[in-house]
Amino acid sequence: MAKKAKTQAEKNKERQFRALAKLFASHGFNVRRENLTRGPSYRVKSGECLLSGESCIFVDKRLPVEQQTAVLIDRLPELEGALSEDDIELIPPSARAFALKLVESESVPDAAARLPEAEAVQVSVD
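Number 102 in numbering that gives the first Met the number 0 belongs to position 103 of the sequence shown; there are no gaps in the numbering.
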């Protein structure tokens, strides 16, 4: 059976994933796409692990490219050191605001800092 030709949008999404994988490689992570094992009583999920002393991020290649990219975007806070302007250019525009917050804080943000401003709730005690 012949493979379906990729559209330009699919090629762009693939390019974004590869750019993020390159960004992680420059920060010491090995990004690997694999068919992650599934069984009747377990399921392996995409994520980070230590393999022979090397930091690896495994991404299930059966996921759509958008979800594969999301796995890497979720791991952005784990990058050591600040992201440079060149690094930020590699990040898809939809996730760039999150990366800019990382650069401004120069540390791993807590969960509250990740929330969009509209969702943040302030409580005052009178």
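Glycine included, each C-beta is placed from N, C-alpha and C at the ideal position.
Exercise. Could you have a look at PHE16 and say whether DSSP puts it in helix, strand or coil?
Key: helix
Exercise. Would you mind sorting ASP86 into buried or exposed? The rule is 16 or more other CB atoms within 10 Å of its CB.
Key: buried
Quiz prompt | Burial state of VAL43 (16 or more Cβ within 10 Å) | solution = exposed
Quiz item: In three-state terms, what does DSSP make of SER51?
Solution: coil
Quiz item: CB ILE56 to CB ARG74, shorter than 8 Å?
Solution: yes
Practice problem: Just mark LEU50 as buried or exposed, buried being the case when its beta carbon has 16 or more other beta carbons within 10 Å. | Solution: exposed
Quiz item: If you run the structure through DSSP and keep just helix, strand and coil, what is ARG32?
Solution: strand
Quiz prompt | Residues near LEU22 in its chain [Cβ-Cβ closer than 7 Å; skip 5 each side] | solution = ASP86 and LEU89
Quiz item: Is ASP59 closer than 8 Å to SER40 when the C-beta atoms are compared?
Solution: no
Practice problem: Whole angstroms is fine: what's the gap from LYS2's alpha carbon to ARG37's? | Solution: 24 Å
Quiz item: How is ARG95 classed by DSSP in three states: helix, strand or coil?
Solution: helix
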